[in-house]
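Shown next, in structure tokens, is the structure this report addresses.
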Amino acid sequence: MKQQEFITLIKPFKDKLYRLAKRMLISNEEAEDATQEVLLKLWKADTNTFKSMEAMAMTMTKNYCLDQLKAKRSNNLSITHNNYSDNSSLENQIISKDNLYTVEKIINSLPEQQRLIIQLREIEEYEFAEIAKVLDMNETAIRVSLSRARKIIKEKFAEINNYGNK
Amino acid sequence: MEINKIEELIEKYLEGNTSLQDENILKTYFTAQNIPIHLNQYKDVFGYYNEAKKETSKENILPKKQKSKRWIGIAASIVLVTMIATYLYQNTPKEEDLGTFDTPEEAFVETHKALQLVANNINSGMENVSYLEEYEKTKKVIFK
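Now the structure itself:
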């Protein structure tokens, strides 16, 4: 496969890989690295044999990120990042933009599995069948996990907001 | 859209039973301005999803980048090797004809001249050094 062909093939979903990686790894740099890593693997692999390149790439990204997270945990490194700071006094100052940031923080504090599902469903708008393929789970389990995640987000967000209004 | 319809959709949404179409209805609904206060909390959640969709990777696609990097490396090493080779080549000492004198007298006169030249140059250098002593004097006055 020629390079140009490859680039046009991956273009529609390259940013999806990046966003998924960022959801999992939080830091911009690590997400960029993960994306490059996955694209390189795709480039080296015989991509003609993949039925759906996007689903394949998403699965690879998911696996790569989970490996990274596991490696970090076993190295006893805390998963810290400097993309944003935790400054609650500032939070109250810029409310409208800040509420979005609160949502992001809540989502990023969810368990890995729920984070993956939220990302794929809410942001990338995948059908349940597609999510099932990427995550290698059955659809019922995905619905249950998604429902749980949505409720947690709703509750936590309400909690933080009421707290701020007191 | 009526509020009770939206509320119904939200219920379904929380249970994970909405279709993508339903979810898009909700997303569009919450981009509007006047939302009842009890639903306000969803506005930011859906607002965030709409925003998060727009984020893009800033990095270039890898294979292209890697290839060009490799070429830069090869080019740089070729240049380096050529430079070292020419440098070594130009600096290899050549057998030079330094000239000879026929008689010892002639040689003595020339040697004398050369030594005189060196001696003169050393002395002219010494004159400048004497200025330094002036500084030294002044310094002693100040610092004692």
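Protein sequences appear in the order of chains Z and X.
Okay, so the first sequence: first residue is 1 according to my numbering, each after it adds one.
Okay, so the second sequence: first residue is 1 according to my numbering, each after it adds one.
Glycine included, each C-beta is placed from N, C-alpha and C at the ideal position.
So that I know if they touch, is there some Cβ in chain X lying closer than 7 Å to that of residue i?
i: Z:S89; result: With a pLDDT of only 46 at Z:S89, under 50, the local geometry of the prediction cannot be trusted, and the value read off the model is given with reservation. Answer no: the Cβ-Cβ gap between Z:S89 and chain X never drops below 7 Å.
i: Z:E54; result: no
i: Z:A45; result: no
i: Z:S147; result: yes
i: Z:E130; result: no
i: Z:E29; result: no
i: Z:E112; result: no
i: Z:E32; result: yes
i: Z:N92; result: Only weak support is given to the placement of Z:N92: the predicted model assigns it a pLDDT of 46, under 50, and the question is left unresolved by the model.
i: Z:T8; result: no
Does any residue of chain Z bring its CB to less than 7 Å from the CB of residue i?
i: X:Q41; result: yes
i: X:A85; result: no
i: X:Y29; result: no
i: X:A32; result: no
i: X:N4; result: no
Taking residue i as the query, report the chain X residues whose CB atoms sit under 8 Å from its CB, ordered along the chain.
i: Z:K154; result: L14, Q41, Y42, V45
i: Z:V144; result: G16
Sorry if obvious, but does the Cβ on residue i come closer than 6 Å to a heavy atom of the ligand SAM?
i: Z:I7; result: Ligands in the displayed structure: none, and consequently the ligand SAM is not present.
I want to verify the contact list: residues of chain Z whose CB lies under 7 Å from the CB of residue i, in sequence order.
i: X:L20; result: E125, E127
i: X:Y48; result: L100, V103, E104
Closer than 7 Å by beta-carbon distance: list the chain X residues that pair up with residue i, in chain order.
i: Z:K151; result: L14
i: Z:A71; result: Near Z:A71 there are no residues of chain X at all, since even the closest Cβ is about 21 Å away, more than 7 Å.
i: Z:A158; result: Q41
i: Z:E122; result: Y49
So which residues on chain Z does residue i lean against when the C-beta distance must stay under 9 Å?
i: X:T56; result: K14, D15, Y18, R19
Rank the options by C-alpha distance to the C-alpha of residue i and give the top, closest one.
i: Z:A129; options: Z:A21, Z:L9, Z:S52, Z:M60; result: Z:S52
i: Z:S109; options: Z:A34, Z:T8, Z:A149; result: Z:A149
i: X:T28; options: X:I37, X:E51, X:T92; result: X:E51
i: Z:M56; options: Z:E159, Z:A132, Z:I142; result: Z:A132
i: Z:K62; options: Z:K154, Z:S74, Z:R115; result: Z:R115
i: Z:Y126; options: Z:E5, Z:F13, Z:Q3, Z:K2; result: Z:F13
i: Z:I123; options: Z:T8, Z:Q4, Z:I7, Z:L17; result: Z:L17
i: Z:P111; options: Z:N138, Z:N99, Z:L69; result: Z:L69
i: Z:I152; options: X:N4, X:I25, X:E8, X:Y13; result: X:Y13
i: Z:Y101; options: X:I35, X:G47, X:N4; result: X:G47
i: Z:I175; options: Z:K41, Z:L146, Z:E159; result: Because residue 175 of chain Z is not part of the residues shown, which for chain Z are 1 to 166, the question remains open.
i: Z:E167; options: Z:I26, Z:I7, Z:N75, Z:N99; result: Because chain Z is modelled from 1 through 166, residue 167 of chain Z falls outside the range shown and cannot be assessed.
i: X:T100; options: X:A119, X:F143, X:T111; result: X:T111
i: Z:D136; options: Z:A158, Z:T35, Z:Q3, Z:Q113; result: Z:Q113
i: Z:E159; options: Z:K2, Z:D15, Z:N99; result: Z:N99
i: X:H38; options: X:N123, X:I6, X:A114, X:K139; result: X:I6
i: X:P36; options: X:N4, X:M83, X:D102; result: X:N4
i: Z:S27; options: X:S57, X:L132, X:W71; result: X:S57
i: Z:D15; options: X:S130, X:K53, X:S77; result: X:K53
i: Z:E30; options: Z:Q4, Z:R121, Z:C65; result: Z:C65
i: Z:L146; options: Z:N162, Z:V134, Z:L120; result: Z:L120
Under 7 Å between the Cβ atoms of residue i and residue j?
i: Z:K156; j: Z:I106; result: yes
i: Z:V38; j: Z:M60; result: yes
i: X:Y42; j: X:F30; result: yes
i: X:E23; j: Z:R19; result: no
i: Z:E32; j: X:E2; result: no
i: X:G16; j: Z:R143; result: yes
i: X:Y20; j: X:L9; result: In the sequence as presented, Tyr is not what sits at residue 20 of chain X; that position holds Leu. It is not a contact, given that the beta carbons lie outside the stated cut-off.
i: Z:V103; j: X:V79; result: no
i: Z:A34; j: Z:A21; result: yes
Run down chain Z in chain order and give the residues with a C-beta less than 8 Å from the C-beta of residue i.
i: X:A75; result: Ordered by position in chain Z, no residue passes the 8 Å Cβ test against X:A75, which lies about 20 Å from the chain.
i: X:E51; result: L100
Can you name the residues of chain X whose CB is closer than 9 Å to the CB of residue i?
i: Z:N161; result: N40, Q41, D44
Quick one: is residue i near chain A, going by C-beta distance under 7 Å?
i: Z:Q3; result: In the structure shown, chain A cannot be found, because the protein chains are Z and X.
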